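Using numbering that gives the first Met the number 0, the first residue of the sequence shown is number 0, and each one after it goes up by one. Structure first, commentary second.
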Amino acid sequence: MSTLLASFGFAPLLPLWLLAILGVAALGLCGWSLFQRTGGAILRLCAIGMVLLWLAGPQRYHEQRRALPQTALLVVDQSPSMALDQRAAIARQVADALAQAKVEGLNLRTVTVRGAARDGTKLFDALDQAAADIPPAQFAGAMMVTDGEVSDVPTTLPERLRPMQDNGSRTTLPLHVLLTASTEQKDRKLSILQAPPYAIAGQNTKLRVQVDDMGPGTQAGTPAELTVRVNGEEPQHISVLSGMPQDITVPVTQPGPLLVSLSASALPGEVSELNNQTVAHITGIRDRLKVLLISGTPNQGERVWRRLLKADPSVDLIHFTILRPPEKDDGTPLSDLALIAFPVRELFQDKINQFDLIILDGFENRHILPHSYLENIAGFVRRGGGLLLTAGPEFIGPGSLQDTPVGDVLPAHVTPDQSSMLVSRFRPTLTDTGRRHPVTASLPGAPKAGAQVNSATAVPGLWGPWYRALHPDSTHGEVLMNGPDNSPLLVLDRVDQGRIALLLSDQIWLWSRGEDGGGPQAELLRRISHWLMKEPELEEEQLTASISANTLHITRHSVGTPAATTLTLTSPTGQSSTVPMHASAQEGTQTAQLPITESGIWRISDGTRTTYAAPEPENTRELTNLRVTATRLADVVKQSGGGIFWLGDSTASLHAPTPRLVASGALHGADWLGFAQRDAHLVTGRKPIPLLPAPLAMVLALLLLFGAWWREGRTR
Numbered sequence: 000m001s002t003l004l005a006s007f008g009f010a011p012l013l014p015l016w017l018l019a020i021l022g023v024a025a026l027g028l029c030g031w032s033l034f035q036r037t038g039g040a041i042l043r044l045c046a047i048g049m050v051l052l053w054l055a056g057p058q059r060y061h062e063q064r065r066a067l068p069q070t071a072l073l074v075v076d077q078s079p080s081m082a083l084d085q086r087a088a089i090a091r092q093v094a095d096a097l098a099q100a101k102v103e104g105l106n107l108r109t110v111t112v113r114g115a116a117r118d119g120t121k122l123f124d125a126l127d128q129a130a131a132d133i134p135p136a137q138f139a140g141a142m143m144v145t146d147g148e149v150s151d152v153p154t155t156l157p158e159r160l161r162p163m164q165d166n167g168s169r170t171t172l173p174l175h176v177l178l179t180a181s182t183e184q185k186d187r188k189l190s191i192l193q194a195p196p197y198a199i200a201g202q203n204t205k206l207r208v209q210v211d212d213m214g215p216g217t218q219a220g221t222p223a224e225l226t227v228r229v230n231g232e233e234p235q236h237i238s239v240l241s242g243m244p245q246d247i248t249v250p251v252t253q254p255g256p257l258l259v260s261l262s263a264s265a266l267p268g269e270v271s272e273l274n275n276q277t278v279a280h281i282t283g284i285r286d287r288l289k290v291l292l293i294s295g296t297p298n299q300g301e302r303v304w305r306r307l308l309k310a311d312p313s314v315d316l317i318h319f320t321i322l323r324p325p326e327k328d329d330g331t332p333l334s335d336l337a338l339i340a341f342p343v344r345e346l347f348q349d350k351i352n353q354f355d356l357i358i359l360d361g362f363e364n365r366h367i368l369p370h371s372y373l374e375n376i377a378g379f380v381r382r383g384g385g386l387l388l389t390a391g392p393e394f395i396g397p398g399s400l401q402d403t404p405v406g407d408v409l410p411a412h413v414t415p416d417q418s419s420m421l422v423s424r425f426r427p428t429l430t431d432t433g434r435r436h437p438v439t440a441s442l443p444g445a446p447k448a449g450a451q452v453n454s455a456t457a458v459p460g461l462w463g464p465w466y467r468a469l470h471p472d473s474t475h476g477e478v479l480m481n482g483p484d485n486s487p488l489l490v491l492d493r494v495d496q497g498r499i500a501l502l503l504s505d506q507i508w509l510w511s512r513g514e515d516g517g518g519p520q521a522e523l524l525r526r527i528s529h530w531l532m533k534e535p536e537l538e539e540e541q542l543t544a545s546i547s548a549n550t551l552h553i554t555r556h557s558v559g560t561p562a563a564t565t566l567t568l569t570s571p572t573g574q575s576s577t578v579p580m581h582a583s584a585q586e587g588t589q590t591a592q593l594p595i596t597e598s599g600i601w602r603i604s605d606g607t608r609t610t611y612a613a614p615e616p617e618n619t620r621e622l623t624n625l626r627v628t629a630t631r632l633a634d635v636v637k638q639s640g641g642g643i644f645w646l647g648d649s650t651a652s653l654h655a656p657t658p659r660l661v662a663s664g665a666l667h668g669a670d671w672l673g674f675a676q677r678d679a680h681l682v683t684g685r686k687p688i689p690l691l692p693a694p695l696a697m698v699l700a701l702l703l704l705f706g707a708w709w710r711e712g713r714t715r
């Protein structure tokens, strides 16, 4: 639509500087005439002024303008919280209805916001970006179709809704909010306020949780029941009050992952129970592990042991090196010796059960430990302790431990003569069992199966050589590494409740020197030590599971061939099903994956071992509050002059308002929402019309001159 509007201006016939000179000259002449008392001076000045005005070209301009349409934004919320009930469908249907409602002079631009569960719904950020390319004079305002769970609500009206006008002032544009429900809703939320990521195995740990009720008619102090289940065991029911923190005691029975499932009873009339439950992931760890290291004589590997064990903050190390065996007693008084007496009784009788691991490094029992103390070491292993021996020439000497009660728990026996000592250059290799066992599997630089590694020349990418090893005449347990002539080099075994490891060489320290590439000395010793101390991740038979992206990932690792090819899966609701396992690229490993739809703790069993898995709790803004509410948006809507509309609970009974343009007054009503008409236009033409035509100017000037002459004649 075009309109005609008038404005005024000048189109001078002479340069402005010349007009200014003529005007000054006319004033000067007029002043001189007045000084001389000449009659008609004023009329002459008026005549000259009339001519100068004509020369200035006063004009009236007629502008032809075309009104420009206004643009309103429709921001549609399709974030994860809109998936509840029919919210997303309601939002789409209302958005389609508003887009089809044609309003003359108003264009509608739709913006869909998907949102992110972790970052929340940012509708105002989307509004700001969408309005960036709309001319401020044509921007009419915005509408938001949402559930009200918006994470970026500003405290004051955004700049886009307060554009600058041509006169320098700001105007306010309306923001209308359309909510996908019929009224304010209620919701109950369970939150974990404090949960330790780690806890000491064998002790209790505490979780602090809180139940909150939100919405009309709710209040703090409402009774609720909290159900706690640890690793799928029998649930524990606890009475709590809403709005008040509650401490939950959880027993940590063993090292490894611990899943604590918590769920709160439903609030009558609440919109969803999705955020009434959560899972806490806690890892049980051992208390500071106590390790006793006894070095028979000073040796090259002694420093390696100390560096390895001292670097582990969870290990308390007690280390003794026997520098003066009993047979070297020459009668020197103890007060004159700069040595610490070996506390035999304290270590091997009084406090032996306080240790988790005993390491005997090149230890030769030359009347150092009585028979009863050696029996204590064997009993320590049988009761659940760990024992590691590194054997060298002393193992076939007269003080060999294999001829003591300790020999009853050793996994190998070596004939006590020099023929059992093999002295030659060799490279340690892994056995078939060693390639599957967690202690040696995937060790850096491990030779591949069938590789020829015993040559005397350097072989790039293979472990460095050793030069001395013992050849056992019998072994039992698991042989993980071989030495020269494929004789056992590293043997692990279980004895009753305890574990024992025997390394049939005292030259592992050579790997730390880097000869011919060296080897993973620190990593191997660390794994052996932690296997002896029963760390879960180094168990030979493992069944693990995890959940990510709504997919259950199951892994079963076995040193041997697993008997079962299927697993039994129990869902959080108690339904059981079978899952087939498939061989993976990693030797001795089977895997399975399947989608899940239930939240909570899943139980997985192969008949012998059982593990549990649960999704990580979605501690997101989207799930903090699931109700449809106007609370967050009410203030900013009020500041804009917009309205809040409740659309209904289903697509079958919608109450969508009708958009319109409003010249003045209120911008919303019971069933309509409006946008103020703004003066946005485009000038399409401009026609000048002289205000003082030349003939008229000449006639007026002549009349004034005649009047001046007449006046001058009268005064003579």
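Beta carbons are placed, not taken as given, at the ideal position from N, Cα and C, and that holds for glycine. Note that the coordinates shown come from a computational prediction; the quantities given were computed from them, not determined experimentally.
key: Bridge partners - T190, DSSP secondary structure assignment   = Taking the first residue of the sequence shown as position 1, residue 190 is located at position 191. The displayed chain sequence assigns Ser, not Thr, to residue 190. In the DSSP output, where bridge partners are listed per residue, S190 has Q209.
task = State the DSSP-derived secondary structure class of S528, mapped to helix, strand or coil.
result = Here residue 528 corresponds to residue number 529 of the sequence shown, with the count starting at 1. The answer is helix: DSSP assigns S528 an H, G or I state.
ask   = Looking only at its own chain, which residues have a Cβ that is under 7 Å from the Cβ of Q506, when we skip the five neighbours before and after it?
value = The residue you call residue 506 lines up with position 507 of the sequence shown. Counting only Cβ-Cβ distances below 7 Å, and skipping sequence neighbours, we find W465, Y466, R467.
key: Where the beta strand (DSSP E) containing L73 begins and where it ends   = Walking along the sequence shown from the start, residue 73 turns up at place 74. First-last of the beta strand (DSSP E) with L73: 69-76.
ask   = What residue from G295, G255, L13, L177 has the CA that sits closest to E538's CA?
value = One-based indexing of the sequence shown puts residue 538 at position 539. The residue among G295, G255, L13, L177 with its C-alpha nearest the C-alpha of E538 is G255.
ask   = How do the stretch 43-52 and the stretch 81-94 stand: do at least 3 beta-carbon pairs fall below 8 Å, yes or no?
value = Between the stretch 43-52 and the stretch 81-94 there are fewer than three C-beta pairs closer than 8 Å, too few to call the two in contact.
key: Proximity of T179 and V627 at Cβ, strictly below 8 Å   = Here residue 179 refers to the residue found at position 180 of the sequence shown. Here residue 627 refers to the residue found at position 628 of the sequence shown. Taking 8 Å as the Cβ cut-off, T179 and V627 qualify as a contacting pair.
request  = Would you mind listing the alpha helix (DSSP H) stretches within the stretch 342-422 that are 4+ residues and don't spill past its ends, in chain order?
outcome  = 370-381, all fully within the stretch 342-422.
query = How big is the Cα-Cα spacing for A139 and R108?
reply = Translated into the one-based positions of the sequence shown, residue 139 becomes position 140. Translated into the one-based positions of the sequence shown, residue 108 becomes position 109. Rounded to the nearest whole angstrom, the CA to CA distance from A139 to R108 is 11 Å.
request  = Alpha carbon to alpha carbon, how far is T120 from E148? Give it in angstroms, no decimals.
outcome  = In the sequence shown, the residue the question calls residue 148 occupies position 149. In the sequence shown, the residue the question calls residue 120 occupies position 121. When rounded, the separation of the alpha-carbon atoms in E148 and T120 is 7 Å.
request  = Please check the pair I527 and V438, which I expect to be a contact at CB under 8 Å, by giving their CB distance rounded to whole angstroms.
outcome  = Counting from one through the sequence shown, the residue named residue 527 turns up at place 528. Counting from one through the sequence shown, the residue named residue 438 turns up at place 439. 6 Å between Cβ atoms; contact.
query = Ordered along the chain, which non-local residues of its own chain (more than five positions away) have a Cβ less than 8 Å from that of R43?
reply = For the purposes of this step, residue 43 is taken as residue 44 along the sequence shown, with counting starting at 1. The beta carbon of R43 sits closer than 8 Å to the beta carbons of L28, C29, S32, L703, L704, A707 from its chain, once the five residues preceding and following it are set aside; these are given in chain order.
inquiry  = Assuming S575 is part of the beta strand (DSSP E), what are its boundary residues?
reply    = Here residue 575 refers to the residue found at position 576 when the sequence shown is read from its first residue. DSSP places S575 in the uninterrupted beta strand (DSSP E) bounded by 575-579.
task = Express the C-alpha separation of A125 and D146 in angstroms, rounding to a whole number.
result = By one-based count along the sequence shown, residue 146 stands at place 147. By one-based count along the sequence shown, residue 125 stands at place 126. In this model, D146 and A125 are separated by some 16 Å (Cα to Cα).
task = Count the other C-beta atoms from every protein chain shown that fall within 10 angstroms of the C-beta of E597, then say buried if there are 16 or more, exposed otherwise.
result = By one-based count along the sequence shown, residue 597 stands at place 598. Taking all protein chains shown into account, E597 has fewer than 16 neighbouring C-beta atoms within 10 Å of its C-beta and is therefore exposed.
query = the ligand GTP heavy atoms versus the CB of G640: any closer than 7 Å?
reply = Absence of the ligand GTP is noted for the structure shown, with no ligands found whatsoever.
query = Could you check where the beta strand (DSSP E) with R228 kicks off and where it finishes?
reply = Working through the sequence shown from its first residue, we reach residue 228 at position 229. Its beta strand (DSSP E) spans residues 222-229.
ask   = What are the start and end residues of the alpha helix (DSSP H) that includes K289?
value = Here the question's residue 289 lines up with position 290 in the sequence shown. Taken as a continuous stretch (DSSP letters only), K289 belongs to no alpha helix (DSSP H), being part of the beta strand (DSSP E) at 288-294.
ask   = On the three-state DSSP scale, how would you describe E615?
value = In the sequence shown, counting from the first residue as 1, residue 615 sits at position 616. Of the three classes helix, strand and coil, the one that applies to E615 here is coil, per DSSP.
request  = Just tell me which of L240, V229, Q209 has its CA closest to the CA of P222.
outcome  = Reading the sequence shown from its first residue, position 223 is the one you call residue 222. When each option's Cα is compared against that of P222, the closest is L240.
ask   = When you compare only the Cα positions, how much space is there between S80 and Q235?
value = Start at 1 with the first residue of the sequence shown, and residue 80 comes out as number 81. Start at 1 with the first residue of the sequence shown, and residue 235 comes out as number 236. Approximately 30 Å between the Cα atoms of the pair.
message = Quick check on I507: does DSSP put it in helix, strand or coil?
response = The residue you call residue 507 lines up with position 508 of the sequence shown. Note: I507 maps to coil in three-state DSSP.
ask   = What are the residues that DSSP puts in a beta bridge with V490?
value = Residue mapping note: residue 490 aligns to position 491 of the sequence shown, counting from 1. For V490, which the question treats as bridged, DSSP gives the partners V478, L501.
Beta-carbon proximity list for Q209, same chain, < 6 Å, skipping 5 on both sides = Counting from one through the sequence shown, the residue named residue 209 turns up at place 210. Here the set comprises S190, L192, P244.
query = Which residues bound the alpha helix (DSSP H) around Q128?
reply = Residue 128 sits at position 129 when you count from the first residue of the sequence shown. According to the DSSP assignment, Q128 belongs to the alpha helix (DSSP H) that extends over 122-129.
query = Would you report the Cα separation of P415 and P369, rounded to the nearest angstrom?
reply = Translated into the one-based positions of the sequence shown, residue 415 becomes position 416. Translated into the one-based positions of the sequence shown, residue 369 becomes position 370. Answer to the nearest angstrom: the Cα atoms are 21 Å apart.
query = Are at least three pairs of beta-carbons, each pair with one atom in the stretch 396-408 and one in the stretch 367-387, less than 8 Å apart?
reply = A contact between stretches requires three or more CB pairs, one per stretch, nearer than 8 Å, and the stretch 396-408 meets this requirement with the stretch 367-387.
message = What does the alpha-carbon distance come out to for the pair L160 and Q63?
response = The residue labelled residue 160 in the question sits at position 161 within the sequence shown. The residue labelled residue 63 in the question sits at position 64 within the sequence shown. One C-alpha to the other measures close to 29 Å.
Boundaries (first-last residue) of the alpha helix (DSSP H) holding T432 = Taking the first residue of the sequence shown as 1, we reach residue 432 at position 433. For T432, the enclosing alpha helix (DSSP H) starts and ends at 431-435.
key: Through-space distance from L699 to P689, alpha-carbon basis   = Start at 1 with the first residue of the sequence shown, and residue 689 comes out as number 690. Start at 1 with the first residue of the sequence shown, and residue 699 comes out as number 700. Going from the Cα of P689 to the Cα of L699 covers about 16 Å.
message = Below 8 Å on the Cβ atoms is my contact criterion, and I expect D360 with K289 to pass it. Report the Cβ-Cβ distance as a whole number of Å.
response = On the sequence shown, residue 360 is found 361 positions in, with the first residue counted as 1. On the sequence shown, residue 289 is found 290 positions in, with the first residue counted as 1. Going by Cβ atoms, the distance from D360 to K289 rounds to 17 Å, so no, they are not a contact pair.
task = Inspect the beta-carbon positions of L284 and I199 and report whether they are closer than 8 Å.
result = By 1-based counting over the sequence shown, the position of residue 284 is 285. By 1-based counting over the sequence shown, the position of residue 199 is 200. Note on identity: in this sequence residue 284 is Ile, with Leu being the wrong assignment. For I284 and I199, yes; Cβs fall inside 8 Å.
Inter-residue spacing [alpha-carbon to alpha-carbon] between E621 and W671 = Working through the sequence shown from its first residue, we reach residue 621 at position 622. Working through the sequence shown from its first residue, we reach residue 671 at position 672. Taken atom to atom, the span from the alpha-carbon of E621 to that of W671 is near 30 Å.
key: C-beta contact flag for L292 and A390 at 8 Å   = Here residue 292 refers to the residue found at position 293 when the sequence shown is read from its first residue. Here residue 390 refers to the residue found at position 391 when the sequence shown is read from its first residue. No. Outside cutoff.
key: Residue span of the beta strand (DSSP E) that contains D315, given as start and end   = As a working mapping, residue 315 is identified with position 316 in the sequence shown. Element bounds for D315: 314-320.
query = With a Cβ-Cβ cutoff of 8 Å, do V478 and T428 count as a contact?
reply = The residue given as residue 478 occupies position 479 in the sequence shown. The residue given as residue 428 occupies position 429 in the sequence shown. T428 is positioned such that its CB atom lies no closer than 8 Å to that of V478.
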